[in-house]
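Protein chains in written order, with this note's numbering: chain Z, 21 to 435; chain U, 25 to 197; chain P, 8 to 109.
Working notes, beginning with the structure itself.
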Amino acid sequence: MDPLAALGEWFLNLLAMINLPPAVGQILLYLIGVIVIATVALVITIFNTWLERKIAARLQDRVGPNRVGPWGLLQPIADALKMLTKEDTTPAGADKIAFNIAPILAVVSVLLIWAVVPFTSQWYGTRLNVAVLYIAAVGSFGVLAVLMAGWSSNNKYALLGAFRAVSQLISYEVPLLLSLLIPVLMARSMDISTIVEKQGTLLEMFVVAAPLAFLLFFISSVAEVGRTPFDLLEAESEIVAGYHIEYSGFKFGMFQAGEFMHTFTISALTAILFLGGWQGPLVEQFPILGLVYFMGKSFAVYFVTMWMRSTLPRIRIDHMQSLNWKVLVPVALVLLMLTPLVDFFTKDLGNLFSLFVGSPAELTLSVRAGALLLTNLAIMLGAIEVIRRSVKRATKARVPFPRRDEARPPIEEAA
Amino acid sequence: MTPMQVIFIITAVATVLAAIMVVSRRNLVHAALFLVITLFGVAVNFILLDAPFLAVVQVLVYIGAIAILMIFAVMLTRNIQEDGAGEAFNKNVGMAGLVSFLVLSLLVVTLGGWSEFRALPPVANTSGAVEALGLALASADGYVLAFEVASMLLLGALVGAIFVAWPRKNENE
Amino acid sequence: MIPLSWYLLLAAALFAVGLFGVLARKNAIAILMGVELMLNAVNINLVAFWRYLDVQAIAGHAFAVMVFAVAAAEVAVGLALVISLYRRRQTVAADQIDLLKW
Numbered sequence: 021m022d023p024l025a026a027l028g029e030w031f032l033n034l035l036a037m038i039n040l041p042p043a044v045g046q047i048l049l050y051l052i053g054v055i056v057i058a059t060v061a062l063v064i065t066i067f068n069t070w071l072e073r074k075i076a077a078r079l080q081d082r083v084g085p086n087r088v089g090p091w092g093l094l095q096p097i098a099d100a101l102k103m104l105t106k107e108d109t110t111p112a113g114a115d116k117i118a119f120n121i122a123p124i125l126a127v128v129s130v131l132l133i134w135a136v137v138p139f140t141s142q143w144y145g146t147r148l149n150v151a152v153l154y155i156a157a158v159g160s161f162g163v164l165a166v167l168m169a170g171w172s173s174n175n176k177y178a179l180l181g182a183f184r185a186v187s188q189l190i191s192y193e194v195p196l197l198l199s200l201l202i203p204v205l206m207a208r209s210m211d212i213s214t215i216v217e218k219q220g221t222l223l224e225m226f227v228v229a230a231p232l233a234f235l236l237f238f239i240s241s242v243a244e245v246g247r248t249p250f251d252l253l254e255a256e257s258e259i260v261a262g263y264h265i266e267y268s269g270f271k272f273g274m275f276q277a278g279e280f281m282h283t284f285t286i287s288a289l290t291a292i293l294f295l296g297g298w299q300g301p302l303v304e305q306f307p308i309l310g311l312v313y314f315m316g317k318s319f320a321v322y323f324v325t326m327w328m329r330s331t332l333p334r335i336r337i338d339h340m341q342s343l344n345w346k347v348l349v350p351v352a353l354v355l356l357m358l359t360p361l362v363d364f365f366t367k368d369l370g371n372l373f374s375l376f377v378g379s380p381a382e383l384t385l386s387v388r389a390g391a392l393l394l395t396n397l398a399i400m401l402g403a404i405e406v407i408r409r410s411v412k413r414a415t416k417a418r419v420p421f422p423r424r425d426e427a428r429p430p431i432e433e434a435a
Numbered sequence: 025m026t027p028m029q030v031i032f033i034i035t036a037v038a039t040v041l042a043a044i045m046v047v048s049r050r051n052l053v054h055a056a057l058f059l060v061i062t063l064f065g066v067a068v069n070f071i072l073l074d075a076p077f078l079a080v081v082q083v084l085v086y087i088g089a090i091a092i093l094m095i096f097a098v099m100l101t102r103n104i105q106e107d108g109a110g111e112a113f114n115k116n117v118g119m120a121g122l123v124s125f126l127v128l129s130l131l132v133v134t135l136g137g138w139s140e141f142r143a144l145p146p147v148a149n150t151s152g153a154v155e156a157l158g159l160a161l162a163s164a165d166g167y168v169l170a171f172e173v174a175s176m177l178l179l180g181a182l183v184g185a186i187f188v189a190w191p192r193k194n195e196n197e
Numbered sequence: 008m009i010p011l012s013w014y015l016l017l018a019a020a021l022f023a024v025g026l027f028g029v030l031a032r033k034n035a036i037a038i039l040m041g042v043e044l045m046l047n048a049v050n051i052n053l054v055a056f057w058r059y060l061d062v063q064a065i066a067g068h069a070f071a072v073m074v075f076a077v078a079a080a081e082v083a084v085g086l087a088l089v090i091s092l093y094r095r096r097q098t099v100a101a102d103q104i105d106l107l108k109w
């Protein structure tokens, strides 16, 4: 029997013994579930800050935290204590209520996503039939938090940072949503648990059939979090710290925790939507193994985000927008148009080939995955070619460095 | 009173109070933030009505896009009047209050005269509504025409909004 | 169970508040907010009638989705107009935008 279910049963029996009505017990159980999931997410975040510092240090040939506890493992606790004991300032002229709600909203918007994340086949907060849309929807609270923080601080850097942040977050929501639709299309369901269940074997993993959607989702969700190379919303060297410049102490810590948690959350979502979540060998016999697979895949993706963070420089703001609107969105639109078409036409191809070899179901699967993979690669190559040409055209005009009067035809006076 | 009814009353009161704040606050950013609360209250009502899809879309479209656009527009059009120093209402405020009160009483009286107003039980089974909605929006017997018209409307709004808000070269000088 | 009448009363209240906002507010963006409140009231009604009258006919849902689309379009164009107006006239007070009035 599933250990968590057994624990829940035991708890309900305990409550029944002290004569509580079963409805109250059920509500208490839900409440405990909420607290457990939120705590798990936050504890993973605390561990992740240590992991991130350690790995970033190794990538930059440093040692990283190694003083507090074994291998510096207690460093995040020390950091958190430092945050808590700092003075909690509120700038003069700030809008008190919005100023205080914004950090809470920033954390809540991320925590809400964990309500639908399936840890194993049995362990999930709730099974929502519109889970994918739900994930996209709660993300909008994060945007709201940024806007509130920037506006209520009564600081022009904060407001500028918030404007920058919101324009980035809203722009990248477009390719994010479009690429989210690809797994939904392929699984024929918006239920995130069903999406995982559909990715049983290696060939069925959506990253095999839709590597382009995987890339689009990953890039745009890194931009949604605002991590390097998309950390324009904080950009210490340009706008000091962006929207949370006026925050200190615990409230700043909440923004920070929200950001770290968001990074791990998008890693987990990538693992669920494209890498098969808790699926893996022997998972039918031992459902608990699913947790290991899920965490393993999530941390593998998380490692890539850390790797990117310590390798890449910050992207320029006009590049950020043109990457989104001129590359990611058109590619996502083309992909979204072609995926269902290819899917539809390869549906029966397996039966055709089965006249010669093998079982139809398996063949359909591999033909479908192969055709989708080819489509993805073709779109990817096409996009790269288009980008290469436009870059070439843009640089050709500049390459010979002619004098200004030669380079351009004389500008005709506008009538 | 069942727990559902308690939840409904709390949400409804919060929704209406927040709506009243939306129309009465002088500071427009505050008004927009209260609008977010109202919209969220409506989303909760959709969940109570067993329409989780609409609740999620409500949050996605209204809070994620419309409310944030509103706050953006408020911030882009700041001047002294909007910063809290000016009047919130125009000179018709008394008449407006009277008209909306009359509309409310008319609605309540008319609805109260409807015999099934209180007694109607909810339909038992709501499963499969999202699937049915998806099929209805794409089938010729359903709402495919409305769906296409709505998409044309959105496209037109997109183009129109960009055209209207695009800064002309010889403006401002 | 929650009676249908409660939802209808809530929607009526929201509609009246929104109407008041539209009629009484000075700022054009605030007027748009009032319109949003009224559209939301309509949506509550649509979904409530769907829930209590006929779940099989999906009309309530479909019309609510249409209202979402119309609201999004309306706000996009409306706010673009307001911003364009602000750029030309430096005001968003609805009663000062009276060039066509005689």
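Virtual Cβ for every residue (Gly too), placed ideally from N, Cα, C.
Leaving aside the five residues before and after residue i along the sequence, list all residues of the same chain whose C-beta is less than 6 Å from its C-beta, in chain order.
i	result
Z/L168	Per the sequence shown, the amino acid found at residue 168 of chain Z is Met instead of Leu. Contacts found: A118 and A122.
U/E106	With a pLDDT of 45 at U/E106, under the threshold of 50, the modelled position of that residue is not reliable, and no figure is offered here.
Z/Q95	W70, P85 and V88
Z/Q276	none
Z/N68	F280 and F284
Is it the case that the CB of residue i approaches a heavy atom of the ligand ADP more closely than 7 Å?
i	result
Z/A389	As presented, the structure is devoid of all ligands, the ligand ADP included, so that no description of it is given.
Does residue i come within less than 8 Å of chain U when only Cβ atoms are used?
i	result
P/D102	yes
Z/W345	no
P/V54	yes
P/V24	yes
Z/S164	One detail in the question is off: residue 164 of chain Z reads as Leu in this sequence, not Ser. Yes, because at least one Cβ of chain U sits closer than 8 Å to the Cβ of Z/L164.
Z/V186	yes
P/I106	Here residue 106 of chain P is Leu; the residue named in the question, Ile, does not match the sequence. No, no contact with chain U.
Z/W298	no
P/V89	yes
Z/W171	yes
Measure from the C-beta of residue i to each C-beta in chain P and report whether the shortest distance is under 8 Å.
i	result
U/F70	yes
U/G108	For U/G108, the predicted structure reports a pLDDT of 47, less than 50, and the residue's modelled location is therefore unreliable. A value from the coordinates is still provided. Chain P contact via Cβ: absent.
U/I34	no
U/L182	yes
U/F113	yes
U/G121	yes
U/A43	yes
U/P191	yes
U/V169	According to the sequence provided, residue 169 of chain U is Leu. The question's Val does not apply to it. With 8 Å as the cut-off, U/L169 does not count as an interface residue toward chain P.
U/V46	yes
U/V30	no
Might you give, ordered along the chain, the residues of its own chain that have their beta carbon closer than 7 Å to the beta carbon of residue i, omitting 5 neighbours on each side?
i	result
Z/L93	W70
Z/T110	K116 and F119
P/G67	L53, V54, F56 and W57
Z/V152	L200, V204, M210 and I212
P/A37	G28
P/M40	G28
Could one say the Cβ of residue i lies closer than 8 Å to chain Z's Cβ atoms, at least one of them?
i	result
U/M99	yes
U/Q105	With a pLDDT of 45 at U/Q105, under the threshold of 50, the predicted position of this residue should be treated as unreliable, though the coordinate-derived value follows. No, no contact with chain Z.
U/I95	yes
U/I186	no
Please check the pair residue i and residue j, which I expect to be a contact at CB under 8 Å, by giving their CB distance rounded to whole angstroms.
i	j	result
U/I87	P/V24	19 Å between Cβ atoms; not a contact.
Z/P138	Z/V216	6 Å
Z/R184	Z/L252	6 Å
Z/L232	Z/M400	5 Å
U/V30	P/I51	Wrong, their Cβ atoms sit about 19 Å apart, outside the cutoff.
U/T26	P/M45	Actually they do not touch by this definition, with Cβ atoms about 30 Å apart.
U/V154	Z/V150	7 Å
Identify, in the order they occur along the chain, each residue of the same chain with its Cβ nearer than 8 Å to the Cβ of residue i, setting aside the five sequence neighbours on each side.
i	result
Z/Q46	L32
Scan the stretch 244 to 310 of chain Z and note each continuous alpha helix (DSSP H) run of 4 residues or more that stays entirely inside, going in chain order. Listed in chain order, the complete alpha helix (DSSP H) runs (minimum 4 residues) inside the stretch 244 to 310 of chain Z are 256 to 259 and 269 to 294.
Which residues of the stretch 73 to 92 of chain U have a Cβ closer than 8 Å to any Cβ of chain Z? Give them in chain order. If the cut-off is 8 Å between Cβ atoms, the stretch 73 to 92 of chain U has P76, F77, V80, V81, V83, L84, I87, G88, A89, A91 and I92 near chain Z.
Short-range partners of chain Z found in the stretch 48 to 62 of chain U, where Cβ spacing is below 9 Å: For the stretch 48 to 62 of chain U, which is checked against every Cβ of chain Z, the residues closer than 9 Å are N51, V53, H54, L57 and V60.
Residues in the stretch 73 to 86 of chain P having any Cβ partner in chain U nearer than 8 Å: Of all residues in the stretch 73 to 86 of chain P, M73, F75, A76, V77, A78, A79, A80, E81, V82, A83, V84 and L86 have a Cβ within less than 8 Å of some Cβ in chain U.
Relative to chain P, which residues along the stretch 150 to 164 of chain U have a C-beta separation below 7 Å, given in chain order? Those residues of the stretch 150 to 164 of chain U that come within reach of chain P (Cβ to Cβ, closer than 7 Å) are T150, A153, A156, L157, A160 and L161.
For the stretch 31 to 44 of chain P, enumerate the residues whose C-beta is nearer than 9 Å to any C-beta of chain U, in chain order. Under the 9 Å Cβ criterion, the stretch 31 to 44 of chain P contributes A31, R32, K33, N34, A35, I36, A37, L39, M40, G41, E43 and L44.
Tell me which residues of the stretch 136 to 167 of chain Z have at least one Cβ-Cβ distance to chain U shorter than 8 Å, keeping chain order. Interface annotation for the stretch 136 to 167 of chain Z against chain U: L148, N149, V150, L153, Y154, A156, A157, V158, G159, S160, F161, V163, L164 and L167, criterion Cβ-Cβ distance under 8 Å.
Under 8 Å, CB to CB, which of the residues in the stretch 117 to 138 of chain Z have a partner in chain U? Listed by position along the chain: A118.
Segments assigned alpha helix (DSSP H), at least 4 residues, entirely inside the stretch 118 to 177 of chain U: Segments of the alpha helix (DSSP H) lying fully in the stretch 118 to 177 of chain U: 153 to 162.
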